[in-house]
Amino acid sequence: MAELARGAVADRPWGRTLGALGARGLTGQLTLTADGKRYPVAFRDGAVVGALSLLASDAAIRIALTGHLVTSTQVAEIARHQAAAPTRDEIELIAEHARLAPEQALKLRRRVVAQRAARTFSVERGEFVVEDRVTIPVVPGAELDIRAVIYLGA
Numbered sequence: 733m734a735e736l737a738r739g740a741v742a743d744r745p746w747g748r749t750l751g752a753l754g755a756r757g758l759t760g761q762l763t764l765t766a767d768g769k770r771y772p773v774a775f776r777d778g779a780v781v782g783a784l785s786l787l788a789s790d791a792a793i794r795i796a797l798t799g800h801l802v803t804s805t806q807v808a809e810i811a812r813h814q815a816a817a818p819t820r821d822e823i824e825l826i827a828e829h830a831r832l833a834p835e836q837a838l839k840l841r842r843r844v845v846a847q848r849a850a851r852t853f854s855v856e857r858g859e860f861v862v863e864d865r866v867t868i869p870v871v872p873g874a875e876l877d878i879r880a881v882i883y884l885g886a
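Just so you know, we're using the working numbering here: the sequence shown kicks off at 733 and counts up by one.
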């Protein structure tokens with residue numbers, strides 16, 4: 733695993749940093765660290781393909797609820813199933829229990845990735861590292877143009 737870049741959020745506007753990674757066609761992972769929290773964002777050929785956030789507001793089930801893909805009564809049941817199978821893909825689990833069509837599941841996955849990647853804009857002080865290896869889960873088909881993430885986060 734090779735380190736490609738390192739810096740601080742305050743070095744320049746965060747949108748410019750992300751935009752530059754997308755424009756250069758990065759395949760790898762940016763990991764932003766702030767206040768002991770990690771916000772990894774995975775790229776493939778400049779497109780965002782995965783992101784993680786530990787914030788409750790970025791949980792897939794919450795995003796599905798706010799997107800009217802699940803009802804509030806389904807949330808507790810789905811959360812129990814997630815706790816019972818922590819290694820299972822959360823979007824697949826939600827899609828199965830909410831009986832989402834494949835197109836709806838893909839739309840949910842893209843929305844989750846976009847929101848988690850855009851979460852990096854809320855970090856005011858932090859350090860980032862860009863590496864050539866991706867260590868977070870990535871599912872094919874969820875690619876997002878970096879401009880959409882910048883638009884959502886800015």
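Each residue gets a CB set at the ideal place from its N, CA and C atoms; glycine is no exception.
Predicted, not measured: the structure shown is a model, and the values here were computed from it.
State the CB to CB distance for the pair GLY782 and PRO872, rounded to an integer number of angstroms; the pair is presumed to be in contact (CB under 8 Å).
Their Cβ separation, rounded to whole angstroms, is 11 Å, which puts GLY782 and PRO872 out of contact at 8 Å.
Determine the contact status of ASP790 and GLN847, defining contact as a CB-CB distance below 7 Å.
The answer is yes: Cβ separation under 7 Å.
Only counting runs of 3 or more residues, tell me where the beta strand (DSSP E) segments fall wholly within the segment 745 to 815, in order along the chain.
Runs of the beta strand (DSSP E) inside the segment 745 to 815: 760 to 766, 769 to 776 and 779 to 783.
For ASP864 versus GLY751, is the C-beta spacing smaller than 7 Å?
In this structure, GLY751 does not lie closer than 7 Å to ASP864 by Cβ.
Based on the DSSP output, what are the partners of GLN862 in its beta bridges?
The question names Gln, but residue 862 is Val in the sequence shown. Per DSSP, ALA737 and LEU762.
Do you know whose CA, among ARG841, LEU758 and VAL855, lies nearest ILE793's CA?
Minimum Cα distance to ILE793 is reached at ARG841.
Just the C-alpha distance for ARG776 and VAL845, rounded to the nearest angstrom, thanks.
In a straight line, the C-alpha of ARG776 is about 13 Å away from that of VAL845.
Express the C-alpha separation of GLU828 and ALA737 in angstroms, rounding to a whole number.
Using only the alpha carbons, I get a separation of about 40 Å.
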